[in-house]
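Peer 1: Got a structure here, written out as structure tokens. Questions coming.
There are 4 protein chains.
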Amino acid sequence: MGVNERLQSYALSDVSNLKVHGRTTGQRSPLTLFWTGSAVELNAKASELWVEIESDYDLYEPWISILINGVPVSRQMLTAGRYWICVFRGMNENVVKNVRIVKDVQAMNGDPGCSLQIHAVKSDGVFVPVEEKPYKIEFIGDSITSGEGAIGAKAEEDWIPMWFSAIHNYTAMTAEALNAEYRVISQSGWGVLTSWDNNPNANIPDYYEQVCGLVTGDKNAALGAGDKYDFNSWQPDVVVINLGSNDGGAFQTPAWKDPVTGKVYKQRLNEDGTYHEEDLATFENAVTRFLDRLRKNNPEAHLVWAYGMLGFPMMPAIYRAVDAYTKQVGDTKVSVIQLPNTTEETVGARSHPGELSHRKTADALAEYLKGILKF
Amino acid sequence: MGVNERLQSYALSDVSNLKVHGRTTGQRSPLTLFWTGSAVELNAKASELWVEIESDYDLYEPWISILINGVPVSRQMLTAGRYWICVFRGMNENVVKNVRIVKDVQAMNGDPGCSLQIHAVKSDGVFVPVEEKPYKIEFIGDSITSGEGAIGAKAEEDWIPMWFSAIHNYTAMTAEALNAEYRVISQSGWGVLTSWDNNPNANIPDYYEQVCGLVTGDKNAALGAGDKYDFNSWQPDVVVINLGSNDGGAFQTPAWKDPVTGKVYKQRLNEDGTYHEEDLATFENAVTRFLDRLRKNNPEAHLVWAYGMLGFPMMPAIYRAVDAYTKQVGDTKVSVIQLPNTTEETVGARSHPGELSHRKTADALAEYLKGILKF
Amino acid sequence: MGVNERLQSYALSDVSNLKVHGRTTGQRSPLTLFWTGSAVELNAKASELWVEIESDYDLYEPWISILINGVPVSRQMLTAGRYWICVFRGMNENVVKNVRIVKDVQAMNGDPGCSLQIHAVKSDGVFVPVEEKPYKIEFIGDSITSGEGAIGAKAEEDWIPMWFSAIHNYTAMTAEALNAEYRVISQSGWGVLTSWDNNPNANIPDYYEQVCGLVTGDKNAALGAGDKYDFNSWQPDVVVINLGSNDGGAFQTPAWKDPVTGKVYKQRLNEDGTYHEEDLATFENAVTRFLDRLRKNNPEAHLVWAYGMLGFPMMPAIYRAVDAYTKQVGDTKVSVIQLPNTTEETVGARSHPGELSHRKTADALAEYLKGILKF
Amino acid sequence: MGVNERLQSYALSDVSNLKVHGRTTGQRSPLTLFWTGSAVELNAKASELWVEIESDYDLYEPWISILINGVPVSRQMLTAGRYWICVFRGMNENVVKNVRIVKDVQAMNGDPGCSLQIHAVKSDGVFVPVEEKPYKIEFIGDSITSGEGAIGAKAEEDWIPMWFSAIHNYTAMTAEALNAEYRVISQSGWGVLTSWDNNPNANIPDYYEQVCGLVTGDKNAALGAGDKYDFNSWQPDVVVINLGSNDGGAFQTPAWKDPVTGKVYKQRLNEDGTYHEEDLATFENAVTRFLDRLRKNNPEAHLVWAYGMLGFPMMPAIYRAVDAYTKQVGDTKVSVIQLPNTTEETVGARSHPGELSHRKTADALAEYLKGILKF
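Chains as they are written, first to last, in UniProt numbering: chain A, 1 to 375; chain B, 1 to 375; chain C, 1 to 375; chain D, 1 to 375.
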């Protein structure tokens, strides 16, 4: 093999004109990518570019996608270890390439050992500034927003990182349609109040104010996952909350018993199959409280509750909760939109929305957000 | 990282139920994948699967795509070296997964150092038989058939392996639509008579009877690239020949001078911009001779000349040549089909057909071949 | 011209196997078609078929579409008079043709002279029974449901019957997708509480219990438009209510002054552009009361409020009103669905939903109703 | 009914700014529309417009479509008689409406009684000039070009005018895509040499130099159908010849015996199912001769043989014939394009191309003609 003698290595902390996407700490030696859709972005004027990553996990390995000039050209599993990955080689050194290296899998609450870090890059060229985008969007959600099932055959049933995609995902598609920068906070199975199986700890709001508080274990703690997130550093124009699917599921699944306290949690159905009013009210209170918390931390953002990709049984409750919030606070910069439901034609792996379902949602959501952003 | 203690390693030559796609030698220790679309296919009943590859090159690195149950889930550059790649992990060990590891880049005439080999697999399960498909198709072509530009942004201009795709390719799509096994013989820039720049050595027919004779250098010779290909081992039902685009281009480009003999080659235009009749006749003779060679080696196959994805100025000449062949030989199992032209909407990188253009061609070609195969 | 000597004329009242669609009176000598989508349907085993219609109007002429075997083949303006129209001729007399002659324009509140009647048919064959469909749907709406703008160039601005379509209409498309019989109650500009311009008389609920009470004038009275509608004669499985767009518009338009009483009506905006709470409550009460009335008359039907094809500012109020209704009555067979918004790509004439927008709504609505109808 | 007192009637010969489409005689009192796609076009600044037509036939009645501002809004059978048809009413009298009244059915060789004439218009406004289009295209063809089966259910089998469409037709679609004026010469079942059933009289070339020579009977003769056509009056930029499908069919159908001379005609198959060489040569000579005739009458036009919508077995012969023509005459402004084949998804009534097949052909053909017209 020919060797490119002109390659020079740079610690990531020394790379000027580096753009980091996604909530993370200030640390750059190395940089940790926590959330799906997190990324490093570079405009490389070079013939060759490598990136040094470090991957670890007990169960669920990280995956990345690489985009060159906006087009995904590579997607790979990152087996454990610290090593160099070649991003491109043999290109015209006088032409600037926009490069995004994107974490393709969600933060993993279920695997304390899971982490993805970037140490360094090497190249034979220079990095020029990445243009700022005019809008910022934060997406908050569950497996849908994590892109679970957005890649893979319909027959797939294993719960593994391979079937997650940050790219075939309405978040990325919506942001691209609006020319917006975006961040994602999401966790499969979680809700506003409880998880799909009634676990009250598996709720997003409790972790919203941390960098990535829902990951577990000492290593993640040491990486700063539990640090208070600095909202001033990145104020979104819009926060999209795509939660409720798992809260709805909790009514249909068995109770959850806290292994420590022995306390049992269950969102109840009435005998006629309708939702128990008290439990529904508890959910609605959780929505209202979360809106409060979102507003506190994002004083200027439009808050858009976007729901419906896997059915929309909780919609009346969401509307009531948003109503209640609006009345209590007098805040009118909040609204609800129903997203296109997933059909047999648009479903993907693991009975989750496939790429086509994500596309339809992105079309509808981008159109709606254009009105809000006054395009 | 947790380690799977149950993984066992197998030399590829010891793997029963291995299916190899694409022309290659009988050698399995290791197996060499020469052509784009070449692949190993396995039905793995296992929770985890790795493959040991060896990649080398002076200029143009190999890429692979991995398909699980027919869906591409990974695509990666193979930097030089011998190493293990994880295909999947953490899956249900009782379920059979169909796996294809596909060479995503053409054989590289321009890089004698380029090679891709597979040494071994390791797994914690077993390999069950891969079902035989009812049809076999051989595709012969140039950059179009190599999938040049089928991936990447429209702005891309570098001639590098990254922009080649065996997957976003009419060959793979047509074969899938027909439930056919397929092989590809292709080289960017080459033609029936000459290359796009009038080089008479860059013609596919001269190498058709070898395993992969158009690759160069001692290493490839040692790997058996120049060996006589055993046509009896794999007789296609249809041979699709998508050649002529570069032969047409040769009329528009400067002459080529043989560096050894000093002889100059040029397909000439008349003053009014039409093709010089003599040179056109030379092209037609090359087509006719190639059909003879194809028939000799594929006595039962339907020969389908399929042309037009980047314009169709050579179509009258191709029809004349096929006519001449039919008359000389009395062979009626040969026909011509015009493929959908690439438009602004369907173009990909490097001004070549994009994924959508390949899709349109696959739709038209599969429909046509259904008639021939008596679906 | 050759004359078909075998044609025989039949008063409509004498035609057995006649299927009448749409609310109308029991009168068949002649039959009056009031609403858009109203129709006569026949299975004609004949070579030729004519229909005798009578059309009248002061301002807005009726139009019809003719469907043969489910495909629209003719659409024509019906100028005033009583005359025969040829439906088909020259066909195989041994083959049964399904024929629908459909009123393509809404009932016209603004034109007391407008009427469309069918007197007779003539044919050289026989009429065989029309198969009953397994489902019945009633659609209630405004200009959207009347198909205003579903045909015609985007530039069209005249308010004329030509731009109305019962065929390029989500009602017909949804019914076809579900293999359902359907009826339509609709009027451009009208709402649940008021019209788009604050006229409280222009509300659908007040006329819901009559055959077609919203048309005016002595002639229509004599035709029985104001008769009490016999709900027992046709009980829908689903009632789709697509109202609210004009009620929302009323907040944005000037007050309406009753010419008789001098009383002024206006749905008010607050200074910050939000809806005045009292007026919103008045709207919500109107929704709740209408649901009461719908339930009274359709004891078994699912009530589906479907809204959003021209934006969805009233959605929170609609959800509140449906909630209130459900709580008051304990009725859970009522739900809300947001329909796909109309975009630049899907808009039709007069800034109304075009055919493509109707198609998208039909896709979403049919999918949703499949769940309700337990497909 | 209210009567518009301001309507004034004008003999068509007195209407300035009238645009007539399609080959016809100079006669305007009345104007005869012979071919499918023939039309009158007006830019009417008026609130109301009527047209007086006269229709006659023994077997096959004429149909028209009416387009307002380019959009088809009405389609109707024209039963025999002379009468007024209302085109529009109630529109803004200050706005100009572009109106096309289009003959939707081919000239009828099989019905000497068939004719469609336009006598007069009446309106309350004025007619302003119709803008000239930059290109002119002549289409020559058979049932495909006549739009047979482009409207109607797939199950339809009757050969009746109802299933013909000049609008859902690649001719109209291609012309619209290129902003071109167009004319159509076509007849179902006819070919270059013979009809589908070997009748040598049913060939288009013999009638190409007359206004509409293929219609029959004294009435049509008196209307000038057999007059020499004045090619100078309208010179196309492109002539598209879509013939060959019926010539191909003749090889598969029984012989035709001339009832007068007793002579028998048959395009023969060889025993192996291939075309008999002599008979194929006869077809090719007919193609070559027709190209000669087309060139004589259209000295500057590009001649484009466009074939393949219902399979393309004659393509080799067409290429040979075009080759032969080019060599004999030295004419290079002639080319061949294969059109997209009709599939199960795109087929219409009577096993003919449906609207979607016409759309696909129009897309491909317009793209090709753009290159020729140097867009």
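For every residue, glycine included, the Cβ atom is placed at its ideal position computed from N, Cα and C.
Tell me the DSSP secondary structure of I101/D in three-state form.
Peer 2: Three-state DSSP puts I101/D in a strand.
Peer 1: If you measure between the beta carbons of E61/A and P161/A, is that distance less than 8 Å?
Peer 2: Cβ distance < 8 Å, so E61/A and P161/A count as in contact.
Peer 1: Tell me the rounded alpha-carbon separation between I151/B and R350/B.
Peer 2: Roughly 10 Å between the two C-alpha positions.
Peer 1: At 7 Å on the CB atoms, spell out the chain C contacts of Q328/A, in chain order.
Peer 2: Result: empty, since nearest Cβ-Cβ is about 14 Å, beyond 7 Å.
Peer 1: Tell me, which residues are paired with W63/D by DSSP?
Peer 2: Answer is M77/D, bridged to W63/D.
Peer 1: Take S29/D and list the residues in its own chain whose beta-carbon comes closer than 8 Å to its own, dropping the five residues that flank it on each side.
Peer 2: Correct list, in chain order: A11, L12, S13 and H119.
Peer 1: Spatial neighbours of N199/B within its chain, please: C-beta separation below 6 Å, excluding the five flanking residues on both sides.
Peer 2: Excluding residues within five positions, the ones whose Cβ falls inside 6 Å are W256.
Peer 1: Using a beta-carbon distance cut-off of less than 8 Å, what residues from the stretch 134 to 156 of chain A approach chain B?
Peer 2: For the stretch 134 to 156 of chain A, which is checked against every Cβ of chain B, the residues closer than 8 Å are I151, G152, A153, A155 and E156.
Peer 1: Can you name the start and end residues of the beta strand (DSSP E) that Q8/B belongs to?
Peer 2: Its beta strand (DSSP E) spans residues Q8 to A11.
Peer 1: Is the shortest distance between the beta-carbon of A364/D and the beta-carbons of chain B less than 8 Å?
Peer 2: By this cut-off, A364/D is an interface position.
Peer 1: Is the Cβ-Cβ distance between R183/A and E148/A less than 8 Å?
Peer 2: Against a cut-off of 8 Å, the Cβ pair of E148/A and R183/A comes out as no contact.
Peer 1: Once DSSP output is grouped into helix, strand and coil, what is the label at G354/B?
Peer 2: G354/B: coil per DSSP, three-state reduction.
Peer 1: Would you kindly report the start and end of the unbroken alpha helix (DSSP H) that includes N297/B?
Peer 2: It spans E277 to N297 - the alpha helix (DSSP H) in which N297/B sits, taken as one unbroken run.
Peer 1: Output the residue ranges of the alpha helix (DSSP H) runs that lie fully inside the stretch 208 to 290 of chain B and measure 4 residues or longer, sorted by chain position.
Peer 2: Runs found: 217 to 223 and 245 to 250.
Peer 1: Quickly, what does DSSP pair R359/D with across the bridge? List them, please.
Peer 2: None, per the DSSP bridge assignment.
Peer 1: Using a Cβ cut-off of 9 Å, pull out every chain G residue sitting near D331/B, in sequence order please.
Peer 2: The structure shown contains no chain G; the protein chains it does contain are A, B, C and D.
Peer 1: Please report the straight-line C-alpha distance between T342/D and N341/A, rounded to a whole angstrom.
Peer 2: Taking the straight line from one Cα to the other gives about 33 Å.
Peer 1: Am I right that S9/D and K122/D are in contact with their C-beta atoms under 8 Å? What's the rounded C-beta distance?
Peer 2: Rounded, the Cβ-Cβ distance is 4 Å, consistent with contact.
Peer 1: So, at 8 Å on beta carbons, what are the nonlocal neighbours of N298/B in its own chain, with the 5 sequence-adjacent residues on each side left out?
Peer 2: The residues are E138, F231, Q235, P236 and V239.
Peer 1: What is the C-beta distance between M315/B and Y307/B, in whole angstroms, given that I count them as a contact (C-beta under 8 Å)?
Peer 2: At roughly 6 Å, the Cβ-Cβ gap stays under 8 Å, so M315/B and Y307/B are in contact.
Peer 1: Kindly indicate the opening and closing residues of the alpha helix (DSSP H) around A324/C.
Peer 2: A324/C -> alpha helix (DSSP H) spans M315 to V329.
Peer 1: Output yes if chain B places a C-beta closer than 8 Å to the C-beta of Q76/A; else output no.
Peer 2: Closer than 8 Å: yes.
Peer 1: Alpha carbon to alpha carbon, how far is F312/D from L178/A? Give it in angstroms, no decimals.
Peer 2: Rounded to the nearest angstrom, the two C-alpha atoms are 46 Å apart.
Peer 1: Based on Cα-Cα distance, which residue from W50/C, L356/C, S195/C and T79/C lies nearest to S245/C?
Peer 2: If we check each option's Cα against that of S245/C, S195/C comes out closest.
Peer 1: Which value, in whole angstroms, describes the spacing of the CA atoms of C86/A and I167/D?
Peer 2: When rounded, the distance between both Cα atoms is 56 Å.
Peer 1: Within 8 Å of any Cβ in chain B, is that where the Cβ of T32/A sits?
Peer 2: Cβ-Cβ to chain B under 8 Å: no for T32/A.
Peer 1: Where A39/B and L18/B are concerned, what is the direct C-alpha to C-alpha distance, given to the nearest angstrom?
Peer 2: Their backbone Cα atoms lie some 10 Å apart in a straight line.
Peer 1: When the Cα atoms are used, what is the spatial distance from K136/A to V211/A?
Peer 2: The alpha-carbon atoms of K136/A and V211/A are separated by roughly 17 Å.
Peer 1: Quick one, which of I140/D, N94/D, G248/D and V334/D has its alpha-carbon nearest F127/D's?
Peer 2: Of I140/D, N94/D, G248/D and V334/D, the residue nearest in Cα terms is N94/D.
Peer 1: Does the stretch 64 to 84 of chain C come into contact with the stretch 73 to 92 of chain D, if we say contact requires no fewer than three beta-carbon pairs (one atom in each stretch) closer than 8 Å?
Peer 2: As far as the Cβ criterion goes, the stretch 64 to 84 of chain C touches the stretch 73 to 92 of chain D, which means the pair count is three or higher.
Peer 1: Which residues mark the beginning and the end of the beta strand (DSSP E) in which Y307/B is found?
Peer 2: Taken as a continuous stretch (DSSP letters only), the beta strand (DSSP E) holding Y307/B covers H302 to Y307.
Peer 1: Between L49/B, Y319/B, G141/B and E355/B, which lies nearest to V99/B when the distance is taken from Cα to Cα?
Peer 2: Considering only alpha carbons, the answer is L49/B.
Peer 1: So with CB distances below 7 Å, who are the chain A contacts of D323/C?
Peer 2: Per Cβ cutoff of 7 Å: P316 and R320.
Peer 1: Using CA atoms only, rank isn't needed, just tell me which of D111/A, G191/A, H358/A and Q338/A is closest to D56/A.
Peer 2: Of D111/A, G191/A, H358/A and Q338/A, the residue nearest in Cα terms is D111/A.
Peer 1: Can you give me the C-alpha to C-alpha distance between E284/B and Y275/D, rounded to a whole angstrom?
Peer 2: Rounded to the nearest angstrom, the two C-alpha atoms are 23 Å apart.
Peer 1: Following the continuous alpha helix (DSSP H) through L310/D, name the residue where it begins and the one where it ends.
Peer 2: That residue, L310/D, is in no alpha helix (DSSP H); it is neither H nor E in DSSP.
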